[in-house]
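J.:
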Amino acid sequence: MDLNRFQPLVNLLSNVLEAYTTAFFIFDEKSRRLHLAAMQSLSKFIPREVSLPLEGSGILAQVQKVGQTIHLDKLHEATSSISLTLPFYREGESHIKGLFAAPVAGGAGILYVDTKYGWGFTDKQQKWIKEFSEILGGLLLNHLAEGRHENYARVFDVLHRLDEIAFKGCDLDNYCGVFATEWAGLLGMDYGFLVLKEPGGKNYRIIGATANTPRGLVTQNFPVAKGLIGWVLQNPKNLLIMRMNPATSDHYLFSQGENLPHQGTVWGTRGQTSLGYELATVFLSRQPVEWNTDSEHAVGYAFHFLLLLLEQIYCKEENEALQTYDMCTGLFSAPAFESRVEGIFHASMQSNAPFTLGLIQFEPWQILTTKVQPQRIRQLQRELAASVCDALPTGVLVGQLAQNRFGLLFAETAVHEAESQLAELADYGKIARKGLKGVKLHPYISSAGFPQDAAKMEDLWPLVSRRLFAAFGLRPEKAVS
């Protein structure tokens, strides 16, 4: 804190009054302490730096709480213990004949003056003290406003940098790393962590951290049931420990063997997205740290924005998954499978590599709807999908084109090679016989390949579909028994 703006006024008042001690204290509302900002004294018993808890600051506490001046002209009769009345005197003081204490800027500060030359202060002297307290109040309010302005500027810079990263399409891990680093710096903390727990999970992992985080922590998963970060994820309220106790067995963040300081301040908060993802941000310092309320609110605002960003990312992924995969079987949906066929077609044209597109359809499917409930139909879809995938070699893409039709994409595979693998699927309709009285499914299979059968995309799908319909006419047995 810059004390020069207060010291000249304190010196001037002390000299005019010929005071023994003149002191100006500033009240810190968050810590509820009075800090000595400027002083001129003849006493040998006042330390250069004074910070008093409000409840233990004697007569100063009365001035701050009540908001009224106190004038004592017979101090030795008013109290039996100077150390309790005026605790900023480190040792005992004597022969103080009077004191005057006035609130500054509505309790934001306190101006204190005492004397050993006369019993108290005259009315004129009291008027001077009050006028000086008003001037000091104006300076104090300006000083506090400047401090808030500087802090707001720092907050704005951090938010601006984070916005630039977010709206440039940066990946989530990079954004989270910058988030943890920037806010840890603003709060004066040494470490910053962002952790994520997936819906229904019992573990969490780090998705962003300051660069000094031990590498072994970044690559691990940690149980939610243990550690202070686990506590943050399990509780709706924030965690604030001003001074961690290394001797306390549960005062660790991730795991008991972590290489992190355990004697400073730790602060954490959590949030949750609508999809069930839980996010927590935790900051840790090597030594106890205090920060202003504005900075705390700024971190809360940025954390809320991060939750919205996370919500957008995971909702987008969820939407893409719904469009990419069939909800019943988990296979590629028809549009997604068609897109991949088109992609491999163009790639094969560039590399002149062959590929084969196959179709397999189980019939008579519609008769099933007259025999069983819809949920059994969906169960049968999943059974058939699992059987088809299990029978095919790794690397073959399978798509759900209709309830009873599957698309098979064999990359870099000629038609004759793919047909030998397709032939192994001929008996997979038998799985439907169990529990389906009166219905026996039979698989019908067709295939077409590039460049053997079709040199253009426009010809490939119609050709493989015509061959599938032709296979229906070559049915070896009746579909309905």
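Just so you know, we're using numbering that gives the first Met the number 0 here: the sequence shown kicks off at 0 and counts up by one.
A virtual CB, placed ideally from N, CA and C, is assigned to each residue, including glycine.
1) Less than 8 Å between the beta carbons of residue 414 and residue 370, yes or no?
2) Report the rounded CA-to-CA distance for residue 288 versus residue 263, giving the unit in angstroms.
3) Just verifying my parser: in three-state terms, what is the DSSP assignment at residue 448?
4) Which value, in whole angstroms, describes the spacing of the CA atoms of residue 210 and residue 331?
5) Consult DSSP for residue 42 and reduce its assignment to one of helix, strand or coil.
6) For the region 368-388 against the region 459-466, are there 3 or more C-beta pairs whose distance is under 8 Å?
7) Could I get the ranges of all uninterrupted beta strand (DSSP E) runs contained in the region 302-374, with 3 residues as the minimum, in chain order?
8) With a threshold of 8 Å on Cβ separation, who are the neighbours of residue 187 within its own chain once the five nearest residues in sequence on each side are excluded?
9) Tell me whether the region 220-234 and the region 243-263 touch, counting them as touching only if at least three CB pairs, one residue from each stretch, are closer than 8 Å.
10) Along the chain, where does the beta strand (DSSP E) containing residue 27 start, and where does it finish?
11) Which residues in the same chain as residue 76 place their Cβ atom closer than 7 Å to its Cβ, once the five residues preceding and following it in sequence are excluded?
12) If you run the structure through DSSP and keep just helix, strand and coil, what is residue 219?
13) Between 380, 31, 384, 408, which has its C-alpha nearest residue 336's C-alpha?
14) Does DSSP put residue 95 in a helix, a strand or coil?
15) Between 198, 93, 23, which has its C-alpha nearest residue 138's C-alpha?
16) Between which residues of its own chain and residue 217 is the CB-CB distance below 7 Å, once the five residues before and five after are set aside?
17) Using beta carbons (cut-off 8 Å, strictly below), is residue 132 in contact with chain C?
18) If you follow the alpha helix (DSSP H) that residue 420 is in, where does it begin and where does it stop?
19) Please name the residue in 32, 299, 183 whose C-alpha comes closest to that of residue 191.
20) Would you report the Cα separation of residue 470 and residue 422, rounded to the nearest angstrom?
21) Does the contact criterion of 3 or more C-beta pairs under 8 Å hold for the region 146-162 versus the region 116-136?
22) Starting from residue 405, trace the beta strand (DSSP E) both ways and give me its first and last residue.
23) Taking the straight line between their C-alpha atoms, what separation do you get for residue 92 and residue 46?
24) Going by C-alpha distance, which of 267, 272, 294, 237 is nearest residue 281?
25) In the DSSP assignment, the beta strand (DSSP E) including residue 204 goes from what residue to what residue?
26) Given a cut-off of 8 Å, decide if residue 21 and residue 58 are closer than it, judged by their beta-carbon atoms.
27) Bridge partners for residue 50 per DSSP, in chain order?
28) Is the region 60-72 close to the region 98-109, with three or more CB pairs under 8 Å?
29) To the nearest angstrom, how far is it from the Cα of residue 8 to the Cα of residue 72?
30) Going residue by residue through the region 132-213, where are the continuous beta strand (DSSP E) segments of at least 3 residues, counting only ones entirely within it?
31) Distance check for residue 384 and residue 342, CA to CA, integer angstroms please.
32) Taking the C-alpha atoms as reference points, what is the distance between residue 37 and residue 286?
33) Which first and last residues belong to the alpha helix (DSSP H) in which residue 227 is found?
34) My output table needs one value for residue 67: the three-state DSSP class, helix, strand or coil.
T.: A quick look at the data gives this:
1) no
2) 7 Å
3) strand
4) Inter-residue distance for residue 210 and residue 331 is about 40 Å (C-alpha atoms, whole angstroms).
5) Reduced to three states, the DSSP call for residue 42 is coil.
6) no
7) 354-362
8) 284, 288, 290
9) yes
10) First-last of the beta strand (DSSP E) with residue 27: 20-27.
11) Unreliable positioning characterises residue 76 in this predicted model, as indicated by a pLDDT of 48, which lies under 50. A coordinate reading is not provided.
12) coil
13) The residue with the shortest Cα to Cα distance from residue 336 is 408.
14) Looking at residue 95 - three-state DSSP - the assignment turns out to be coil, as it is neither helix nor strand.
15) 23
16) 205, 208
17) Here there is only one protein chain, and chain C is not present.
18) Residue range 414-421 is occupied by the alpha helix (DSSP H) that includes residue 420.
19) By alpha-carbon distance to residue 191, the top candidate from 32, 299, 183 is 183.
20) Their backbone Cα atoms lie some 13 Å apart in a straight line.
21) no
22) For residue 405, the enclosing beta strand (DSSP E) covers residues 404-410.
23) Near 13 Å, if we compare the C-alpha coordinates of residue 46 and residue 92.
24) A check of alpha carbon separations from residue 281 across 267, 272, 294, 237 identifies 267 as the nearest.
25) 202-208
26) No, the pair does not count as a contact, with Cβ atoms beyond the cut-off.
27) 34
28) Between the region 60-72 and the region 98-109 there are three or more C-beta pairs closer than 8 Å, enough to call the two in contact.
29) 24 Å
30) 190-196, 202-208
31) Going by the C-alpha atoms only, they are around 23 Å apart.
32) 26 Å
33) Run containing residue 227: 226-233, per the alpha helix (DSSP H) assignment.
34) It is coil, neither helix nor strand.
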